[in-house]
Amino acid sequence: MRAGRLRHRLAIYDVKLSGGVPSTETLTLIGTFPCEIAPMSGKEYQGLGGTANELTHKITMRYVRNIATAHVGIWEGRRFRFQVVINPDERKRELQIVAVESK
-8 MRAGRLRHRL
2 AIYDVKLSGG
12 VPSTETLTLI
22 GTFPCEIAPM
32 SGKEYQGLGG
42 TANELTHKIT
52 MRYVRNIATA
62 HVGIWEGRRF
72 RFQVVINPDE
82 RKRELQIVAV
92 ESK
């Protein structure tokens, strides 16, 4: 892992579930971690209410225990819902997170 690439500071929060639906009022800060945030793909689709877009990002950071898909990350006011958390090679050196930016 190249430490110079970890230039973003991502605040990771635990989302409490109320009735199976994530509640935005009860966010518990786990910590703020250096990471790299890079866009992967974007989708645009039309529904009844108009046009919506969805951006997928890849977040690379040093290994932290207990980071899961039940967490969200916030960086500069942008909110990222974690979809997949990967520990490459199972060596506990880094985490790769696939996240969807929600507005």
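FYI, the numbering used here numbers position 32 of the sequence shown as 23, with every residue one higher than the one before it. Glycine included, every Cβ here is placed at the ideal spot set by N, Cα and C. As the structure is a prediction and not an experimental result, all values here were calculated from the model.
Proximity of residue i and residue j at Cβ, strictly below 7 Å
i       : j     : result
Leu(-3) : Pro25 : yes
Glu85   : Tyr54 : yes
Gly68   : Ile3  : no
CA-to-CA distance, residue j to residue i, given in whole angstroms
i     : j       : result
Met52 : Arg82   : 13 Å
Ile21 : Gly33   : 28 Å
Ala59 : Ile88   : 9 Å
Lys49 : Arg0    : 14 Å
Arg72 : Ala29   : 14 Å
Asn57 : Thr23   : 14 Å
Pro18 : Arg70   : First, the amino acid is wrong: residue 18 is Leu here, not Pro. Their Cα atoms are separated by approximately 12 Å.
His62 : Gly(-5) : 25 Å
Asp5  : Ser93   : 16 Å
Met31 : Lys7    : 28 Å
CB contact check: residue i to chain C, cutoff 7 Å
i     : result
Arg72 : Among the protein chains of the structure shown there is no chain C, as only one such chain exists.
For residue i, the first and last residue of its enclosing beta strand (DSSP E)
i     : result
Ala90 : Glu85 to Ser93
Gly68 : Neither: Gly68 is in no beta strand (DSSP E) and is coded neither H nor E.
7 Å CB neighbourhood of residue i in its chain, flanking five on each side removed
i     : result
Val76 : Ile58, Ala59, Thr60, Leu86 and Ile88
Pro79 : Glu85 and Gln87
Close beta carbons around residue i, own chain, < 8 Å, minus the five adjacent residues each side
i     : result
Val91 : Glu45, Leu46, Thr47, His48, Phe71, Arg72 and Gln74
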